[in-house]
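Numbering (UniProt numbering) for the sequence shown: 1 to 177.
These notes are about the structure you will find just below.
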Amino acid sequence: MTSSALVFDAMCLNHFARAERLDVLRDLLAGVPCLTTHVVREELRVGMHEHPLLQVVLDADWLEVARLDSLDEIKCFAKWVQRIGSSERNLGEASVFSAAELTRGTAITDDREAVSVGRAHGLDVHGTLWILARAWFDGKLTEVSAGNIVDVLRSTGMRLPCPGSAFGSFVRSNISR
1 MTSSALVFDA
11 MCLNHFARAE
21 RLDVLRDLLA
31 GVPCLTTHVV
41 REELRVGMHE
51 HPLLQVVLDA
61 DWLEVARLDS
71 LDEIKCFAKW
81 VQRIGSSERN
91 LGEASVFSAA
101 ELTRGTAITD
111 DREAVSVGRA
121 HGLDVHGTLW
131 ILARAWFDGK
141 LTEVSAGNIV
151 DVLRSTGMRL
161 PCPGSAFGSF
171 VRSNISR
């Protein structure tokens, strides 16, 4: 898939956990450094009151926490807060984008506005469908199995740009190998 780190925002992790498929995500990303931030972990912890299955994300030993506590790291976070916005909803994305920039990694978020901002500033940003497409391209999933995952994620309320039955055509039109 990629050797650079993937830095996850809450949405992908949230919905894989709620679908009871976080183990599938882990297996698809075996060998790839995976990170998230304390801000994202806090968002997930707060969400546990409504969705107790989110505990599995907090317990995931394959998901490291990117540090954002040195002066340079805090400045980078502040820069992304300015770019994305300072509402509580945007702090997770800002923390993920700063961690991705600092690690020269790829930010993973399905927030379309945040993706646009990140790309406008030269950040490598992708979403859940990109992860599934990479797994399909790498032979870890078939087109049908990737589409089934899309449908399972959508059943948890995740907003994705296509249903599972259209996964292959969406990827062929929108995601390059």
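All residues carry an ideal CB built from backbone N, CA and C; glycine is no exception.
Because the structure is a prediction, the values reported are computed rather than measured.
#### Entry: Bounding residues of the alpha helix (DSSP H) (the contiguous stretch that carries Cys12)
Here the alpha helix (DSSP H) through Cys12 covers Ala10 to Arg18.
Taking only runs that begin and end inside the region 87-161, name each unbroken alpha helix (DSSP H) of 4 or more residues, in chain order. The qualifying runs are 88-103, 112-120, 128-137 and 143-155.
Original post:
Can you tell me whether Leu54 is buried or exposed, with buried defined as 16 or more other CB within 10 angstroms of its CB?
Top reply: By the beta-carbon neighbour count (other beta carbons within 10 angstroms, threshold 16), Leu54 is buried.
Between the region 94-111 and the region 57-73, do at least 3 Cβ pairs fall closer than 8 Å? These segments touch.
Check: Considering only residues of the same chain and omitting the five flanking positions on each side of Trp80, which have a CB-CB separation below 7 Å?
Finding: Only Ala94, Phe97 and Ser98 meet the Cβ criterion.
- Item | Alpha-carbon spacing of Ala10 relative to Asp151, whole angstroms | Going from the Cα of Ala10 to the Cα of Asp151 covers about 19 Å.
Mind checking Arg112: buried by the 16 CB within 10 Å criterion, or exposed? It is exposed - the Cβ of Arg112 has fewer than 16 other Cβ atoms within 10 Å.
| said: Using the Cβ count rule (16 or more neighbours within 10 Å means buried), how would you classify Ala78? | reply: By the neighbour-count rule (16 or more Cβ atoms within 10 Å), Ala78 is not buried but exposed.
request  = May I have the straight-line CA-CA distance separating Ile149 from Lys75, to the nearest angstrom?
outcome  = When rounded, the distance between both Cα atoms is 37 Å.
Kindly confirm or deny that the region 82-90 and the region 112-122 touch, where touching means at least three C-beta pairs closer than 8 Å.
The region 82-90 vs the region 112-122: in contact.
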